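Engineer:
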Amino acid sequence: MPMNEAATTDSPLATVLINRQALRHNIQRLRELAPASRLIAVVKANAYGHGMPEVANTLSNASTGTADAFAVARPQEAFALRESGISQPIILLEGFFDSAQLPRIAHKQLQIVLHSLWQLTALEQAHLPQAVRVWIKLDSGMHRLGFPPQQIEEIYARLCACPQVCQPVNLLSHFSCADETPDSGTTYQQLTCFNQSLTGNTTVQRSLAASAGILRWPQAHFDWIRPGIILYGVSPFDDTRTGADFGFQPVMTLGSRLIAVRAHPAGAPVGYGGQWRSHQATRLGVIAFGYGDGYPQYAPSGTPVLVNGRQVPIVGRVSMDMICVDLGAGSQDRPGDPVIFWGDSLPVERIARATNSSAYELLTRLTVRLQYQYL
Ligand SMILES: *Cc1c(COP(=O)(O)O)cnc(C)c1O
């Protein structure tokens with residue numbers, strides 16, 4: 077039948093499978109862990125590679141598992157969310173980059189994180205269609221972005237006096253080492269610094285914890301938690317633990333297919349540079365996937381991949397469009413058979429360790445070549 081033929085030829089090679097049920101489960105799990113806090117779903121960088129509009133849509137329409145707000149890093153990401161019909165509050169984690177963006181930000185009712193005096197001045201001098209909600213970014217010890225603790229009172233007073241700003245004003249900070257075990261004491265110091273800023277002011281809403289803070293530091297939950305990677309079921313820690321160890325489910329399964337299976341003699345090199353050689357005669361699988369799809373080029377030989385559900389090692393260098401794996405001498409795999417790079421049965425955290433990378437980077441470096449399927 078022509079329709080079946082079309083379906084076969086069009087069926088995608090490299091696919092990102094997104095399990096919306098897992099996403100809802102993870103929201104529920106976060107509610108359990110931080111029952112007194114509201115939840116800001118961090119969907120920057122295309123929702124950590126999961127597809128921002130679809131993820132936000134899943135988390136805003138469902139009768140269960142709804143986020144109270146969303147956060148992104150760039151105004152363009154927030155505008156795209158509004159275009160796709162998201163009506164919840166959206167927080168710009170670095171505020172605006174140019175004062176010319178302010179009228180549109182106000183018009184779209186985006187909330188801004190204010191980290192610098194130049195932004196405050198721009199806000200005071202702006203003519204806006206409506207007032208904007210502001211989160212003051214406190215530099216509690218990360219020393220990347222934000223106002224030092226001794227400046228917070230003054231910034232707060234200026235924001236309270238600014239007609240372009242919705243009242244009350246909120247307070248936000250970010251941990252630099254909440255993912256480290258054992259903790260060096262930095263997180264405790266940051267927590268103390270955060271608690272001491274605008275103390276006694278009960279109108280101010282507070283937000284401090286991202287994924288690692290949510291899992292390890294319950295005293296950092298405050299009014300709003302800001303989960304990113306754990307929302308996608310992936311652990312923020314760079315040890316052997318995975319999201320499942322904390323009761324979360326991986327949302328993404330990344331896969332492709334074998335396009336060739338080859339008899340390979342002992343001692344022959346494989347791929348660019350010929351760096352890997354087989355010790356014995358074997359069968360090699362060639363997978364339609366490479367760094368052009370987002371797999372790390374530096375993944376060493378031995379990095380695991382699932383072929384027909386069985387773990388096999390990558391051999392030779394990852395190329396732009398292809399990856400070779402050693403299927404083993406007696407293997408029966410055939411062209412067209414399914415391959416999984418990470419997902420339920422092979423956590424992305426494991427690939428992060430094998431490639432000396434991080435799950436954050438692996439997820440966000442997926443390229444436009446991939447096709448997304450939402451379950
Ligand atoms: C990215 C980001 C988050 C989410 O971080 P995760 O570690 O992925 O949970 C939270 N807050 C800020 C300010 C961020 O930039």
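All residue numbers in the sequence shown are consecutive under the working numbering, ending with 451.
The beta-carbon is built from N, C-alpha and C at its ideal position, and this holds for glycine as well.
As the structure is a prediction and not an experimental result, all values here were calculated from the model.
Less than 8 Å separating the Cβ of I306 from some heavy atom of ligand 1?
Structural biologist: Here residue 306 refers to the residue found at position 230 of the sequence shown. Correct: I306 has its Cβ closer than 8 Å to ligand 1.
Engineer: Just list the residues that DSSP pairs R333 with in beta bridges.
Structural biologist: Within the sequence shown, numbered from 1, the residue matching residue 333 stands at position 257. P414.
Engineer: Run the CB neighbour count on H203, radius 10 Å, all protein chains shown included, and call it buried at 16 or more, exposed below.
Structural biologist: Stepping through the sequence shown from its first residue, residue 203 is reached at position 127. Answer is exposed; the Cβ neighbour count stays below 16.
Engineer: Just confirm the distance between the C-beta atoms of P453 and P380, as a whole number of angstroms; I'd bet it's less than 8 Å.
Structural biologist: In the structure as shown, the chain starts at 77 and stops at 451, and residue 453 therefore has no counterpart that could be examined.
Engineer: With 16 as the cutoff for other CB atoms within 10 Å, does G125 come out buried or exposed?
Structural biologist: Here residue 125 is taken as the residue at index 49 of the sequence shown, counted from 1. Buried is the call here.
Engineer: Indicate, with yes or no, if ligand 1 has a heavy atom lying under 8 Å from the CB of R386.
Structural biologist: Counting from 1 along the sequence shown, the entry for residue 386 is found at position 310. No, the Cβ of R386 stays beyond 8 Å of every heavy atom of ligand 1.
Engineer: Quick test of your reading: R96 and L451, contact by CB under 8 Å. State the CB separation rounded to the nearest angstrom.
Structural biologist: By one-based count along the sequence shown, residue 96 stands at place 20. By one-based count along the sequence shown, residue 451 stands at place 375. About 6 Å; that satisfies the 8 Å criterion.
Engineer: Distance check for A344 and G323, CA to CA, integer angstroms please.
Structural biologist: Here the question's residue 323 lines up with position 247 in the sequence shown. Here the question's residue 344 lines up with position 268 in the sequence shown. For G323 and A344, the distance between alpha carbons rounds to 45 Å.
Engineer: Beta-carbon within less than 8 Å of Q206's beta-carbon, same chain only, minus the 5 sequence neighbours each way: which residues are those?
Structural biologist: Along the sequence shown, one-based indexing puts residue 206 at 130. Result list for Q206: A182, H183 and Q185, in chain order.
Engineer: Report the CB separation of H115 from P303 in whole angstroms; it is logged as a contact under 8 Å.
Structural biologist: Counting from one through the sequence shown, the residue named residue 115 turns up at place 39. Counting from one through the sequence shown, the residue named residue 303 turns up at place 227. Reading the sequence as shown, one finds Leu at residue 115 and not His. Sure, about 7 Å apart at Cβ, within 8 Å.
Engineer: Go ahead and label T279 buried or exposed: buried means 16 or more other beta carbons lie within 10 angstroms of its beta carbon, across all protein chains shown.
Structural biologist: Residue numbering aside, residue 279 sits at position 203 when the sequence shown is read from its first letter. Under this definition T279 is an exposed residue.
Engineer: Go ahead and pull the three-state DSSP assignment for R96.
Structural biologist: Residue numbering aside, residue 96 sits at position 20 when the sequence shown is read from its first letter. The answer is helix: DSSP assigns R96 an H, G or I state.
Engineer: Given the structure, does R445 come close to ligand 1, in the sense that its CB is under 8 Å from one of the ligand's heavy atoms?
Structural biologist: Numbered from its first residue, the sequence shown carries residue 445 at position 369. Flag unset: Cβ of R445 not near ligand 1.
Engineer: What would DSSP say about F324, mapped onto helix, strand or coil?
Structural biologist: The residue you call residue 324 lines up with position 248 of the sequence shown. Three-state result, F324: coil.
Engineer: Can you look up W293 in the DSSP assignment and give me helix, strand or coil?
Structural biologist: Within the sequence shown, numbered from 1, the residue matching residue 293 stands at position 217. Three-state DSSP puts W293 in coil, outside helix and strand.
Engineer: Give the C-beta separation of I167 and W211 to the nearest angstrom, bearing in mind that I take them to be a contact with Cβ-Cβ under 8 Å.
Structural biologist: Here residue 167 is taken as the residue at index 91 of the sequence shown, counted from 1. Here residue 211 is taken as the residue at index 135 of the sequence shown, counted from 1. The Cβ separation is near 7 Å, so the contact holds.
Engineer: Nearest by alpha-carbon distance to V362: which of G350, V391 and H355 is it?
Structural biologist: To locate residue 362, count along the sequence shown from 1; it is residue 286. For the residues G350, V391 and H355, the minimum Cα distance to V362 belongs to V391.
Engineer: Which same chain residues end up closer than 6 Å to I162 when comparing Cβ atoms and leaving out the 5 residues on each side of it in sequence?
Structural biologist: By 1-based counting over the sequence shown, the position of residue 162 is 86. Excluding positions up to five away in sequence, the list reads A132 and S136.
Engineer: Could you tell me whether any non-hydrogen atom of ligand 1 is closer than 8 Å to the CB of A405?
Structural biologist: Position 329 of the sequence shown, counted from the start, is the residue given in the question as residue 405. A405: no, Cβ never under 8 Å from ligand 1.
Engineer: Between which two residues does the beta strand (DSSP E) carrying N246 extend?
Structural biologist: Residue mapping note: residue 246 aligns to position 170 of the sequence shown, counting from 1. Looking at the DSSP string, the run of the beta strand (DSSP E) that includes N246 is N246 to L248.
Engineer: Taking 8 Å as the cut-off, is the CB of P312 close to at least one heavy atom of ligand 1?
Structural biologist: Numbered from its first residue, the sequence shown carries residue 312 at position 236. Result yes, Cβ under 8 Å from ligand 1.
Engineer: Following the continuous alpha helix (DSSP H) through L439, name the residue where it begins and the one where it ends.
Structural biologist: Numbered from its first residue, the sequence shown carries residue 439 at position 363. Segment A435 to T440, the alpha helix (DSSP H) holding L439.
Engineer: Beta-carbon separation of F146 and A117 under 9 Å?
Structural biologist: Translated into the one-based positions of the sequence shown, residue 146 becomes position 70. Translated into the one-based positions of the sequence shown, residue 117 becomes position 41. Contact: yes.
Engineer: Verify the contact flag: H250, CB atom, against every heavy atom of ligand 1, threshold strictly below 8 Å.
Structural biologist: Against the sequence shown, residue 250 aligns to sequence position 174. Checking the Cβ of H250 against ligand 1 gives yes.
Engineer: Between R180, A176 and D144, which has its C-alpha nearest A156's C-alpha?
Structural biologist: Numbered from its first residue, the sequence shown carries residue 156 at position 80. Out of R180, A176 and D144, R180 has the C-alpha closest to the C-alpha of A156.
Engineer: Report the three-state DSSP secondary structure of M503 (helix, strand or coil).
Structural biologist: Any question about residue 503 goes unanswered here, given that the chain covers just 77 to 451.
Engineer: Which of helix, strand or coil does DSSP assign to V131?
Structural biologist: Taking the sequence shown and counting its residues from 1, one reaches residue 131 at position 55. Correct three-state label for V131: helix.
Engineer: Quick check on the burial criterion: 16 or more other C-beta atoms within 10 angstroms. Buried or exposed for P312?
Structural biologist: For the purposes of this step, residue 312 is taken as residue 236 along the sequence shown, with counting starting at 1. With 16 or more Cβ atoms within 10 Å of its Cβ, P312 is classed as buried.
Engineer: Rounding to the nearest angstrom, what Cα-Cα distance links A82 and L89 in this structure?
Structural biologist: Translated into positions along the sequence shown, residue 82 becomes position 6. Translated into positions along the sequence shown, residue 89 becomes position 13. Since pLDDT at A82 reaches only 37, below the 50 mark, its modelled position is unreliable, and the value read off the structure follows with that caveat. When rounded, the distance between both Cα atoms is 14 Å.
Engineer: On a CA-only basis, which of I427, V337 and A123 is nearest T358? Give me that one, please.
Structural biologist: By 1-based counting over the sequence shown, the position of residue 358 is 282. The shortest C-alpha separation from T358 is found at V337.
Engineer: I need the DSSP call for R386, collapsed to helix, strand or coil.
Structural biologist: Within the sequence shown, numbered from 1, the residue matching residue 386 stands at position 310. Note: R386 maps to strand in three-state DSSP.
Engineer: Starting from G125, trace the alpha helix (DSSP H) both ways and give me its first and last residue.
Structural biologist: Working through the sequence shown from its first residue, we reach residue 125 at position 49. It spans K120 to G125 - the alpha helix (DSSP H) in which G125 sits, taken as one unbroken run.
Engineer: According to DSSP, is V424 part of a helix, a strand, or is it coil?
Structural biologist: In the sequence shown, the residue the question calls residue 424 occupies position 348. If DSSP states are grouped into helix, strand and coil, V424 belongs with the helices.
Engineer: Quick check: is any heavy atom of ligand 1 less than 8 Å from the C-beta of S113?
Structural biologist: Locating residue 113 in the sequence shown gives position 37, where the first residue counts as 1. For ligand 1, not one heavy atom lies less than 8 Å from the Cβ of S113.
Engineer: With Y371 as the anchor, note down where its beta strand (DSSP E) starts and where it stops.
Structural biologist: Taking the sequence shown and counting its residues from 1, the one referred to as residue 371 is at position 295. Taken as a continuous stretch (DSSP letters only), Y371 belongs to no beta strand (DSSP E), as it is neither H nor E.
Engineer: Check whether the stretch 402-409 touches the stretch 282-298, counting contact only when three or more Cβ pairs, one atom from each stretch, lie closer than 8 Å.
Structural biologist: With the cut-off at 8 Å, the stretch 402-409 and the stretch 282-298 do not touch.
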